[in-house]
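So the sequence shown is residues 24 to 259, counted in the numbering used here. Don't be surprised by glycine CBs; every beta carbon is placed ideally from N, CA and C. The next block holds one structure in the form of structure tokens; read it before the comments.
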Amino acid sequence: MHRNRPNAPASQILLGVAVIVIGFLFLLDNLGWMDINYSIHFWPVILIVAGALKISQSRASSGSLVGVLLLAAGGLLLLKGMGLIYLSWRMLAPLLLIGAGIMVVFRSVRRPRASDGFPAYGLKEGKGEELLNIMAILGGYKRRISSQDFRGGEVTALMAGCELDLRDASIEGEAVLNVFSMFGGITIEVPTDWTVVLEGTPILGGFEERTSGGQGSNKRLIVRGYAIMGGLEIRN
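Pasting the structure below:
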């Protein structure tokens, strides 16, 4: 059994720095040294921070690609808000479609890599239903898992809903599931004999754990990650 460890230090430091910067901006506005209304033009920084968090959290190449696309979108919108480039919403929509297409092609043609085995941060190696790599973007995703040796994995929901049913699955010891929800929601259903440990960080979002039973069980599901203007619910 692996020891219970927090999220990657780099992502926690990045999140803390972002919160400090936001608080500092509001302080300057209250002191009359800066107009907070001007700072609204910098809202794409949220996308940049989200992308950086996703890259630091992800152990799969597809998850890192999501982070890169968020960074790119945030960077373009930030430059537009600063008046450095011209970018209309009519131009942005096709770019989003291109980005989504790149992700689909990447997931279809890429070869499995050793890093996709998630050996870091307490995640065991595995494949198929044992180790998940789920990505939902601009849509819905539902999946029932029945693996008797579930080991965790990674779940990403961007402007989408994801429902994961683990009630027919089983754990040998401990499993770690990394989640990332932005403008979307993730719902996870687990068996009553599992102990759930929630280590998530909601940012203008919510994490909710509504499970019963499982106390004293040696089957532990550790859920780590972020909900940015999104939500995560774990229930029986």
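Problem - Contact under 8 Å by Cβ, isoleucine 124 with leucine 94 - result: Here residue 124 is glycine; the residue named in the question, isoleucine, does not match the sequence. No, the Cβ-Cβ distance between glycine 124 and leucine 94 is not below 8 Å.
Exercise for the section: Leaving out five residues on either side along the sequence, give the residues of the same chain with a beta carbon under 6 Å from the beta carbon of glutamate 256. Expected result: When the five nearest sequence neighbours on each side are left out, the beta carbons in the same chain lying within less than 6 Å of the beta carbon of glutamate 256 are those of Thr210, Glu231, in order along the chain.
Problem - For lysine 242, three-class secondary structure by DSSP - result: coil
Practice task
Find out if the Cβ-Cβ distance for the pair glutamate 222, isoleucine 245 is shorter than 8 Å.
Solution key: yes
Problem - Reduced DSSP category for valine 89 - H, G, I as helix; E, B as strand; rest coil - result: helix
Practice task
Going by CA-CA distance only, name the one from Leu51, Leu54, Ser87, Ala41 that's closest to proline 67.
Solution key: Ala41
Handout entry: Three-state secondary structure assigned by DSSP to glutamate 148
Key = At glutamate 148 the pLDDT is 42, less than 50, meaning the model places this residue with poor confidence; the figure from the coordinates comes in the next sentence. Residue state, collapsed to three classes: coil.
Handout entry: Cβ-based burial, lysine 165 [other Cβ within 10 Å; buried from 16]
Key = exposed
Exercise for the section: Determine the direct distance from the alpha carbon of valine 72 to that of valine 44, and round the result to whole angstroms. Expected result: 12 Å
Exercise for the section: For isoleucine 108, count neighbouring C-beta atoms within 10 Å of its own C-beta (all shown protein chains included) and say buried if the count is 16 or more, exposed if not. Expected result: exposed
Problem - Identity of the residues DSSP links to leucine 155 by a beta bridge - result: Gly176
Problem - Test item: CB-CB of asparagine 201 and arginine 233 under 8 Å - result: no
Handout entry: Proximity below 8 Å, CB of aspartate 188 to CB of isoleucine 168
Key = yes
Practice task
Decide if glutamine 238 is buried, meaning its Cβ has at least 16 other Cβ atoms within 10 Å, or exposed.
Solution key: exposed
Handout entry: 8 Å Cβ shell around serine 170 - same chain, five flanking residues per side excluded
Key = Gly151, Glu152, Glu153, Ala192, Ser193
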